[in-house]
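This report concerns only the one structure given below.
Residue numbers (the UniProt record's numbering), protein chains in the order written: chain A, 1 to 77; chain B, 1 to 77.
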C-alpha cells in the first residue's frame with residue numbers, strides 16, 4: 001500500500017468524520033458501495049479518478065484536496 | 001466515458017505535448033506502459049489515483065491539476 005493510497009483514505013475518513021457522517025452516509029451521497037468506502041478509508045482499495053471525484057463531490061471539496069498533503073481537519077465549530 | 005475521464009486524458013496529452021514528449025517518453029518517466037498512456041489520453045482507460053500521481057510527478061504538476069478544470073497549456077516560450 002503506497003503512502004498516497006493510505007493518505008487518500010485517511011483524508012476521506014477525516015473529512016467524513018468532520019461532517020459526522022457514517023460510512024453508509026458517505027457511500028450513499030457518493031453513489032458508492034459502503035464496504036468499498038471502508039476499504040478506501042483503510043487504504044486497502046485503490047480508488048480510480050472517477051471514484052475520487054465522486055467522493056470529493058459528496059464531501060464538497062476539490063478532488064485535489066483528497067490527493068494532496070495529508071489533511072488536518074478541524075471539526076466544525 | 002465520463003467527462004472527467006475524457007478531460008483527464010486531454011490534460012495529460014496537452015501537458016505532454018507542451019513538453020514535446022512522445023507517449024513513450026511520458027510512459028518511461030511515469031513508469032507506465034506506453035499503450036496504457038495512449039488509452040488514458042484517449043479516455044478509454046480510467047486511471048487509478050496511483051497512476052494519476054505517477055503521471056503528475058512525471059509531468060511535474062500537482063495531481064490536482066490533472067483532475068480539475070480542462071487545462072489550456074501554453075507551449076513553452
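Ideal Cβ placement from N, Cα and C applies to all residues, glycine included.
The model shown is predicted, which means the values in this text are computed figures rather than measured ones.
Check, Outcome
"State the CB to CB distance for the pair residue 30/B and residue 66/B, rounded to an integer number of angstroms; the pair is presumed to be in contact (CB under 8 Å).", "Between residue 66/B and residue 30/B the Cβ distance is about 11 Å, and since that is not below 8 Å, they are no contact."
"According to DSSP, simplified to helix, strand and coil, what is residue 71/A?", "The predicted model places residue 71/A with a pLDDT of 49, which falls under 50 and marks its position as unreliable; any figure quoted below should be read in that light. Here residue 71/A sits in coil by DSSP."
"By how many angstroms is the C-alpha of residue 6/B removed from the C-alpha of residue 42/A?", "29 Å"
"Taking the beta carbon of residue 2/B as the centre, do at least 16 other beta carbons fall within 10 Å, making it buried, or is it exposed?", "exposed"
"Residues in the same chain with beta-carbon distance under 8 Å from residue 52/B, minus the five sequence neighbours each way, listed in chain order, please.", "8, 63, 66 and 67"
"Hey, could you find the ends of the alpha helix (DSSP H) residue 45/B is sitting in?", "Here residue 45/B belongs to no alpha helix (DSSP H), and DSSP marks it neither H nor E."
"Using a Cβ-Cβ cut-off of 8 Å, state whether residue 8/B counts as contacting chain A.", "yes"
"Please report whether the beta-carbon of residue 64/A lies at a distance below 8 Å from any beta-carbon of chain B.", "yes"
"Does the Cβ-Cβ distance between residue 16/B and residue 26/B come in under 8 Å?", "yes"
"Kindly indicate the opening and closing residues of the alpha helix (DSSP H) around residue 19/A.", "Careful: residue 19/A lies outside any alpha helix (DSSP H) and carries neither H nor E."
"Assign residue 48/A to buried or exposed, taking buried as 16 or more other Cβ atoms, counted over all protein chains shown, within 10 Å of its Cβ.", "buried"
"Out of 44/B, 60/B and 35/B, state which residue places its alpha-carbon closest to the alpha-carbon of residue 10/B.", "44/B"
"Expressed to the nearest angstrom, what Euclidean distance is found between the alpha-carbon atoms of residue 18/B and residue 59/B?", "10 Å"
"Could you give the distance in angstroms between the alpha-carbon of residue 35/A and the alpha-carbon of residue 32/B?", "29 Å"
"If you drop the 5 nearest sequence neighbours on each side, which residues of the same chain put their C-beta closer than 7 Å to that of residue 38/A?", "23"
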